[in-house]
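Protein chains in written order, with full-length UniProt numbering: chain A, 1 to 301; chain B, 1 to 220.
All C-beta atoms in this analysis are idealised placements derived from N, C-alpha and C, irrespective of residue type, glycine included.
The block underneath contains the structure these notes are about, expressed in C-alpha cells.
Pasting the structure below:
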C-alpha cells in the first residue's frame, strides 16, 4: 500500500533508509548479501517503506533505481530517491518512467548534494531542474504528459514525496519553498533531522495549515564524535548538549543502548506532532526496531 | 569583464618548446584590468621568453584583443616582424586568442597561436589583479528583476530557481561556507524592498537553448 493511502487512513507512517553499495548486485546470495540489502532486511516488517538514496553525498554508487528494485524483489517497499544533480530533464523524466515500469510506487524528489562534496569532485554538476520543478514534472507525468506536453502511452502513478528542513534560518524562506513543492505536487514530506522537540513543534505550528503529511526525519546519533560533528558541521542541526558526553567512551553495544534511550525521549515527544517518522540509521538499521519499541511508536500492521 | 589567470610558465614554455621566434600580444581591455595581459605583463613575458632563449621581435598590446579591427590596427606596422615569427603567444582571453589566430590566417601566416592565460569567464573586479568574482552567468534569460538584482543562476552553486536547498547554514552556502547563500541574500533583499511575494511564484526550468554553444548574438 502506498504511504499516501496510509496517511489518508491516519496511519502513523514509519520509514527507514539505506544507501546502495559501491558495486553491483547481480549475484546476491543470502549469505553474502550487500550491506544495504541486509540493512533493509533488518527493518522489514517494522517500517512501511525504505528510502534508497541516490548517490548520497555525491559519492558514486549503485543507482537508487537498481537498489529500489532489489528491495522490491525482497518484499520491502522502496522509496526511490531521485536527485537533480546528475541528470538533465530528459534523463529525469525517463528515469521516472523507468522506475514506475519496474514497479516503483514511491518517489522522493530532492535537489541533491553538490558534486564537490563527493568522491568525483570534478564531475559536471547538472541541476538542469530544481526539486520544485522535478515535483511538477513528476505530477505532469502522472497526468499522462511529459513536461513538453507530449502524451504518454501509459502514465506512472506513484506517490511523490519531498524534503523540508525545519532547521533552516530564515525558516520563512524554507516554508515558501515548501508551499511551492506542495503546489507542484508533493504528497508527503520527510524532514531533515530534528532533535529538539520545541523546534519541531514551532515548525509544525507554521505548517499545520498546509494540509500535507509530515514525517520527522531522525538520524541515529552513533557516537560522541558524530553528535559534535552534526551540531558543528551539518546545516542547522543541533544535537542536544548532553548527547555527546553521554555517548563518550561507550562500547558499540552500549552506544546503541544509549542511542535508543536518548532518541526515544525525543520521539515520544514529537510523535503526536507529526504523521510519521523517517529514520536515517546510518548503518544501524538493527537499532530501528528497538527504537520504535522504546519510543512506543505505533507498530505497523 | 572576462577574467583570466596566467598559465604556469612551465606550461607556456612547454607549448612553445619547438618554437624559436615568438610574438607576444596582449589586450588593453579585460586582461589589462586583470593584470594578466596589459602592457606590463606583455613586456615582462617577452623578457622572460628571451631569458629562456627565445627571440621576441614583437610585443604589442591592442586596445581590445577580442575585436579584430583593433588587432589589425595595432599590428599594422609590425606585420613583417610578425611574419618572421613561428608562433604567437596571446596574453588575452580565449576569444582574443581566436581573433589572433584569425588575424594570422588573414595574413596568410602558417604559424602557431598559443594562449598564455586560462580564461575563467565573466567576472567583476573586486581588487584589480587580485580578486574578481562571478555575478552573471550569461544565461540569456535574466531574472534579476524578480530576484532583487541577485542572480540565483550564478550565485547559487546549484543554480536553483525556486528557493534554497536545505543546506544553507547561518546564511552560508553548503558548498563553500565562505560564500553567502544566494537565496538568503535574495530573501533579505526582497524583504527590504517589500517584494517577498516575488519568491512565491513558480519559476519554470530555464531554456538552455539560450546557453547552447557556440552562442551567436545578432543585434540587428
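TODO: Would you decide whether residue 93 of chain B is buried or exposed? Buried here means 16 or more other CB atoms lie within 10 Å of its CB.
DONE: buried
| field | Rounded straight-line distance, which links the Cα of residue 115 of chain A to that of residue 121 of chain A | value | 5 angstroms
Contacts that residue 42 of chain A makes with chain B (C-beta to C-beta distance below 7 angstroms) = Near residue 42 of chain A there are no residues of chain B at all, since even the closest Cβ is about 27 angstroms away, more than 7 angstroms.
### Message
Let me make sure I understand the geometry here. Which of B/64, B/19, B/145, B/20 has the alpha-carbon closest to that of residue 38 of chain B?
### Response
B/64
#### Entry: Exposure of residue 200 of chain A, with buried meaning 16 or more beta-carbon neighbours within 10 Å
buried
- [ ] Less than 8 angstroms between the CB atoms is what I'm expecting for residue 268 of chain A and residue 295 of chain A, so what's the real figure, rounded?
- [x] 5 angstroms
Worksheet item: Can you round the beta-carbon distance between residue 82 of chain A and residue 101 of chain A to whole angstroms, since I take them to be within the 8 angstroms contact cut?
Response: No, residue 82 of chain A and residue 101 of chain A are not in contact; Cβ-Cβ is about 15 angstroms, not under 8 angstroms.
(request) Spatial neighbours of residue 168 of chain B within its chain, please: CB distance less than 8 angstroms, with the 5 preceding and 5 following residues excluded, ordered by chain position. (result) 174, 181, 183, 184
Closest to residue 239 of chain A by C-alpha separation, out of A/135, A/68, A/198, would be which residue?
A/198
(message) To be precise: take each residue of the segment 157–187 of chain B, compare its Cβ to all Cβ atoms of chain A, and keep it if any distance is under 8 angstroms. Which residues remain?
(response) 157, 158, 159, 160, 161, 162, 163, 164, 165, 166, 167, 168, 169, 170, 171, 174, 175, 183, 184, 187
Between the alpha carbons of residue 3 of chain A and residue 45 of chain A, how many angstroms are there, rounded? 14 angstroms
- Task: Would you kindly check if the distance between the Cβ of residue 216 of chain A and the Cβ of residue 277 of chain A is under 9 angstroms?
- Result: yes
*Give every residue of the same chain whose Cβ lies closer than 8 angstroms to the Cβ of residue 126 of chain B, excluding the five residues on either side of it in the sequence, and list them in chain order.*
132, 133
**Separation of residue 186 of chain B from residue 86 of chain A, as counted between CA atoms** = 26 angstroms
query: If we call anything under 9 angstroms between Cβ atoms a contact, is residue 84 of chain A one with residue 158 of chain B?
result: yes
With 16 other Cβ atoms within 10 Å as the buried cut-off, status of residue 76 of chain B:
exposed
- Secondary structure at residue 172 of chain A, three-state DSSP: helix, strand or coil? helix
I'd like to know whether the C-beta atoms of residue 47 of chain A and residue 103 of chain A end up nearer to each other than 9 angstroms.
no
Check: How about residue 62 of chain A and residue 22 of chain A: do their beta carbons lie closer than 9 angstroms?
Finding: yes
| 9 angstroms Cβ cutoff met for residue 89 of chain B and residue 49 of chain B | yes
*Short-range partners of chain A found in the segment 189–204 of chain B, where Cβ spacing is below 9 angstroms*: 191, 196, 199, 200, 201, 202, 203, 204
Query - Cross-chain neighbours of residue 165 of chain A in chain B, by beta carbon under 7 angstroms - result: 166
| What residues in its chain sit with their C-beta under 8 angstroms from that of residue 102 of chain B, if we drop five residues either side in the sequence? | 68
| message | Rounded to whole angstroms, what is the Cα-Cα separation between residue 174 of chain A and residue 163 of chain A? | response | 10 angstroms
Interface partners of residue 275 of chain A on chain B, CB under 7 angstroms
Those do not exist, as residue 275 of chain A stays about 20 angstroms from chain B at its closest Cβ, beyond 7 angstroms.
State the beta-bridge partners of residue 216 of chain A as determined by DSSP.
-> A/277
Check the Cβ-Cβ distances between residue 108 of chain A and every residue of chain B, and say whether any is below 9 angstroms.
no
Collapsed DSSP secondary structure at residue 26 of chain A in the structure displayed: coil
Below 8 angstroms between beta carbons is the criterion; list the residues of the segment 173–192 of chain A that meet it against any residue of chain B, in chain order.
-> 173, 174, 176, 177, 179, 180, 183, 184, 192
Assigned exposure category for residue 202 of chain B - 16 Cβ within 10 Å defines buried: exposed
| Hey, residue 105 of chain A and residue 59 of chain A are a contact pair by Cβ (cut 8 angstroms); roughly how many whole angstroms apart? | Not confirmed; about 26 angstroms, so no contact.
- Message: List, in chain order, every chain B residue whose beta-carbon is nearer than 7 angstroms to that of residue 89 of chain A.
- Response: 205
Distance cutoff 9 angstroms, beta carbons only. Does residue 216 of chain A sit that close to anything in chain B?
no
Give a yes or no on whether the minimum CB-CB distance between residue 112 of chain A and chain B is below 9 angstroms. yes
Task: For residue 172 of chain A, the nearest candidate out of A/196, A/88, A/203 (CA to CA) - done: A/203
Determine, for residue 84 of chain A, whether the minimum Cβ-Cβ distance to residues of chain B falls below 9 angstroms.
yes
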